[in-house]
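Single-structure report; data block below.
In UniProt numbering, the protein residues as written are 1 to 457.
Put into structure tokens, the structure is as follows:
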């Protein structure tokens, strides 16, 4: 009994060393080629040499008993055949078998033959399964079957039979256990590796699709500045930095007619692809509902009713929109649950007068309010989303409206791009070393001159 326990311990120790080395092998780029079935003479030879060496170690790490060696030599060639095919299995088996033959003993012929046969059997299974590795249970049963064949050859070939029978009785259980356990560990590692590779591939695919989605999202919003270089009545600049690959913030601006500029900033509830899709729908509705003679509150009334229709997701969007009359500097605006912009003028910085209304998409039939303000040349409106004020420092402190106001006080008054750039610079400094939690959107609209004055009339 003591001999059997010592034998089991010796074989398990050898198996453990081989499995550690095999684990390192499976994490190499070389093994990635094997998993992808990208075989070449070079990597096939490497497989033969590596698993042939494992087979030799399986012999050297074994235990001499009754003139023979109890071992896990067959494990290396079997695995080589299962992952590389018959030629690889045969090559590894020949290396392990020839080494065993040189050690002599009354079982040298049967043991050497069994090692070569183990590689061929593994390769045969490779062909039958068209390169697919067996399940953990299937791999263990195969390993057990190979060891039974090994013992059968020992009884059939080795002489004297009585000595061979005594040997088999002693080593049958330990070798079955060690080889089966080794195969189980390898099959488990390989199964996990296949799952990891599949997960990585899926992740790369999703990241690629999200990258494309972000490019599409960013192509929706205006990105060329100045957008209207021929218009001297105003300056406008905006920026959008999603917290994820795609987000729910957006901005837009366009001329309704020759004298009226529509501008909007919005923030969809949630993040990621659903928010991005809802954002795209909202932007499309805003453009379709904005026509000459329309007012901001009428636009929001119509868009809200459209968004509420069949809105099973329960998503909503906060919006601030306005229309600038470039002849007079007057801005009519309406708000749907959004933070009010700041008005920068020579007299100071202050939020616009409220134009109350809930977020769009939450409840239909809402009538949104409207307000107006007359901008003087040099005045600026700063629109933003809550990703600006809710930016967080490493200590967990929010930047808040106080941080935004401080940044605005130190920002240049011209050009509009200088204002948004200063805000973003200060925000990034405040939130340095902290992951961006929410989308960041800024829009600066500076009224520079009434149209007649800008044209020099």
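The beta carbon of each residue, even a glycine, is placed where N, CA and C say it ideally should be.
This one's a predicted model, so the numbers in the text were calculated from it and none came from an experiment.
With a 10 Å radius around its C-beta and 16 neighbouring C-beta atoms as the bar for buried, classify residue i as buried or exposed.
i, result
"residue 211", "exposed"
"residue 331", "buried"
"residue 135", "exposed"
"residue 112", "buried"
"residue 102", "exposed"
"residue 197", "exposed"
"residue 233", "buried"
"residue 166", "exposed"
"residue 77", "buried"
"residue 40", "exposed"
"residue 162", "exposed"
"residue 208", "exposed"
"residue 346", "exposed"
"residue 229", "exposed"
"residue 271", "buried"
"residue 100", "buried"
"residue 412", "exposed"
Spell out whether any CB of chain D is found under 8 Å from the CB atom of residue i.
i, result
"residue 335", "You won't find chain D in this structure, because it holds only one protein chain."
Ordered along the chain, which non-local residues of its own chain (more than five positions away) have a Cβ less than 7 Å from that of residue i?
i, result
"residue 438", "243, 386, 387, 390"
"residue 131", "37"
"residue 392", "398, 431, 434, 437"
"residue 278", "248, 268, 315, 317"
"residue 159", "106"
"residue 83", "34, 133"
Could you tell me how far apart the beta carbons of residue i and residue j are, in whole angstroms, since I believe they sit closer than 8 Å?
i, j, result
"residue 150", "residue 114", "4 Å"
"residue 342", "residue 357", "That belief does not hold up - the Cβ atoms of residue 342 and residue 357 are roughly 19 Å apart, past 8 Å."
"residue 300", "residue 285", "10 Å between Cβ atoms; not a contact."
"residue 171", "residue 144", "That pair is no contact at about 14 Å."
"residue 360", "residue 336", "5 Å"
"residue 266", "residue 282", "6 Å"
"residue 186", "residue 35", "The pair is not a contact, with the Cβ atoms about 13 Å apart (cut-off 8 Å)."
"residue 104", "residue 52", "Contact flag wrong, Cβ pair sits at about 20 Å."
"residue 220", "residue 280", "6 Å"
"residue 417", "residue 225", "6 Å"
"residue 59", "residue 42", "The Cβ separation is near 27 Å, so there is no contact."
"residue 340", "residue 354", "7 Å"
"residue 164", "residue 154", "5 Å"
"residue 379", "residue 344", "7 Å"
Taking 6 Å as the limit between beta carbons, can you name the residues of its chain near residue i, skipping five residues before and five after?
i, result
"residue 241", "440"
"residue 436", "243"
"residue 123", "81, 85, 86, 89"
"residue 147", "175, 176, 179"
"residue 157", "109, 110"
"residue 384", "442"
Leaving out five residues before and five after residue i in sequence, what residues of the same chain have Cβ atoms less than 8 Å from its Cβ?
i, result
"residue 23", "189"
"residue 377", "329, 447, 448, 449, 450, 453"
Based on DSSP bridge pairs, tell me the residues matched to residue i.
i, result
"residue 237", "444"
"residue 266", "250, 319"
"residue 261", "255, 324"
Exercise. At which residue ranges does the stretch 348-401 contain complete beta strand (DSSP E) runs of 3 or more residues, listed in the order of the chain?
Worked result: 348-351, 371-374, 380-384
For this session: Enumerate, from N- to C-terminal direction, the unbroken beta strand (DSSP E) stretches of 3 or more residues contained entirely within the stretch 113-145.
Result: none
Problem set entry | beta strand (DSSP E) runs wholly inside the stretch 304-345, at least 3 long, in chain order | 317-325, 330-336, 342-345
For this session: For the stretch 29-55, list the alpha helix (DSSP H) runs that are entirely contained and at least 4 residues long, ordered along the chain.
Result: 29-35
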